[in-house]
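These notes concern the structure reproduced below.
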Amino acid sequence: MNKEQLEEEVKKFEWMHSIDLENGIITPGKWPRNPHIEKAFDKINFEEKKVLDIGTCNGLWSFEAEKRGASEVYSIDYLIHDNYWCTPAYRFAHDTLQSKAIYNPDVDVYDIEKLGITDFDVIIFCGVYYHLKNPLLALSKIRKILKTGGHVIIEGPIINDDSKPIAGFLYKEIENKDNYFGSWHRSNWWVPSGRCLREWVECSLFDIIDEFSGTDPSYLNSNWYKLKSFIKKILNKEKPHIKRTVLLAKGVKRADKNYSSKQADSDLIDFFL
Ligand SMILES: C[S@@+](CC[C@H](N)C(=O)[O-])C[C@H]1O[C@@H](n2cnc3c(N)ncnc32)[C@H](O)[C@@H]1O
1 MNKEQLEEEV KKFEWMHSID LENGIITPGK WPRNPHIEKA FDKINFEEKK
51 VLDIGTCNGL WSFEAEKRGA SEVYSIDYLI HDNYWCTPAY RFAHDTLQSK
101 AIYNPDVDVY DIEKLGITDF DVIIFCGVYY HLKNPLLALS KIRKILKTGG
151 HVIIEGPIIN DDSKPIAGFL YKEIENKDNY FGSWHRSNWW VPSGRCLREW
201 VECSLFDIID EFSGTDPSYL NSNWYKLKSF IKKILNKEKP HIKRTVLLAK
251 GVKRADKNYS SKQADSDLID FFL
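In terms of the UniProt record's numbering, the sequence shown has 223 at position 223, counting the first letter as 1, and numbering is strictly consecutive.
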């Protein structure tokens with residue numbers, strides 16, 4: 001396919017991710033590329049690493065890991081109830097990039113053990129925890145299949161108030177016109193404070209080694225962000241107390257001075273000293 005033909009093909013798909021197809025074509029993703037996730041990527045050496053990308057959507061972060069030298073990449077999603085809406089674009093990018101990533105759009109994060117693969121070096125868990133009714137269960141499942149010392153990147157929205165370990169539950173609040181948490185899609189369940197998210201992660205036997213948050217200037221300047229802010233302003237739905245954050249953490253084995261292993265869920269029992 002020449003460049004013009006490829007450009008025509010790209011238009012046939014619905015793109016959430018802006019993926020560099022490596023021939024001067026970047027897919028027209030609706031979501032701006034989060035530079036904070038890239039900052040977390042920059043802290044990891046992906047060479048020859050085994051990587052799992054949970055909730056891969058169009059595969060942006062899987063392909064990025066591969067570009068950075070990962071030797072095995074598994075891209076999973078859970079789309080059976082969502083009509084596999086991200087899948088055609090994923091497959092197109094995968095074929096165009098001649099990616100070797102292994103794709104499975106039928107893996108619920110709660111069932112990642114069914115993949116039959118453990119000892120991942122890196123797990124990417126971006127844009128997912130707030131879509132889950134049980135984010136803590138997901139974190140335990142992730143810890144279970146991550147190497148001790150392996151990295152996890154966790155990204156999502158937080159309440160911009162570090163003073164309390166609280167989490168907002170959106171089940172009914174989402175219907176509230178004055179929803180404190182802003183306008184959300186039905187698929188959202190939780191928005192924790194930064195402190196709460198960090199504690200969720202820590203109690204799941206990870207040590208946080210870095211955090212990247214705040215609105216990056218390149219994001220502020222993106223057309224998507226400008227349009228979103230404009231619409232929110234008109235609808236009076238601007239919520240300055242919500243921001244997105246990225247945590248970079250390592251899987252650890254340790255004693256927990258607050259809770260004994262007996263009080264932990266069974267997925268974590270092997271990681272308590
Ligand atoms: C907001 S998108 C994030 C996409 C991508 N990870 C990113 O950061 O740009 C949320 C993704 O999580 C997936 N997802 C939602 N619930 C899931 C579950 N229970 N197990 C696995 N993936 C899930 C969705 O299908 C979707 O691909």
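Note that the Cβ used here is the ideal one computed from N, Cα and C, for glycine as well. All values derive from a computational prediction rather than experimental measurement.
Please classify residue i: is it buried, with 16 or more other beta-carbons within 10 angstroms of its beta-carbon, or exposed?
{"i": "R244", "result": "buried"}
{"i": "K177", "result": "exposed"}
The beta strand (DSSP E) that contains residue i, what's its start and end?
{"i": "Y74", "result": "72-76"}
{"i": "V51", "result": "50-54"}
{"i": "S62", "result": "Run containing S62: none in the beta strand (DSSP E); it sits in the alpha helix (DSSP H), 60-67."}
{"i": "F169", "result": "167-169"}
Which whole-angstrom value is the C-beta distance of residue i and residue j, which I expect to be below 8 Å?
{"i": "N34", "j": "E202", "result": "Wrong, their Cβ atoms sit about 23 Å apart, outside the cutoff."}
{"i": "I117", "j": "I145", "result": "7 Å"}
{"i": "F206", "j": "V246", "result": "About 14 Å; that fails the 8 Å criterion."}
{"i": "S193", "j": "P165", "result": "7 Å"}
{"i": "K147", "j": "D121", "result": "6 Å"}
Got a sec? Which residues, its chain only, sit under 6 Å from residue i by beta carbon, not counting five neighbours each side?
{"i": "A65", "result": "F46, V51, V73"}
{"i": "R254", "result": "L273"}
{"i": "V109", "result": "I54, A138"}
Counting along the chain, where does the alpha helix (DSSP H) carrying residue i start and finish?
{"i": "R244", "result": "Careful: R244 lies outside any alpha helix (DSSP H), inside the beta strand (DSSP E) at 242-251."}
{"i": "I234", "result": "223-234"}
{"i": "L211", "result": "Note on identity: in this sequence residue 211 is Glu, with Leu being the wrong assignment. Element bounds for E211: not the alpha helix (DSSP H) but the beta strand (DSSP E), 206-213."}
{"i": "A255", "result": "No alpha helix (DSSP H) contains A255, which DSSP labels as neither H nor E."}
{"i": "F271", "result": "Looking at the DSSP string, F271 is not in any alpha helix (DSSP H), and its letter there is neither H nor E."}
{"i": "A264", "result": "Here A264 belongs to no alpha helix (DSSP H), and DSSP marks it neither H nor E."}
{"i": "F92", "result": "87-96"}
{"i": "L132", "result": "Per DSSP, L132 belongs to no alpha helix (DSSP H) and is neither H nor E."}
Which partner residues of residue i appear in the DSSP bridge assignment?
{"i": "W31", "result": "Bridge partners of W31: none, in fact."}
{"i": "N104", "result": "I76"}
{"i": "S193", "result": "I159"}
{"i": "I154", "result": "F125, L247"}
{"i": "L146", "result": "F120"}
{"i": "D20", "result": "I26"}
Compute every distance between the C-beta of residue i and the non-hydrogen atoms of ligand 3, then say whether any falls below 6 Å.
{"i": "D121", "result": "This structure simply doesn't include ligand 3; it includes ligand 1 instead."}
Tell me which same chain residues have a C-beta within less than 7 Å of the C-beta of residue i, skipping the five on either side of it?
{"i": "residue 274", "result": "Nothing in the structure corresponds to residue 274, since the chain is present only between 1 and 273."}
{"i": "K43", "result": "D210, L248"}
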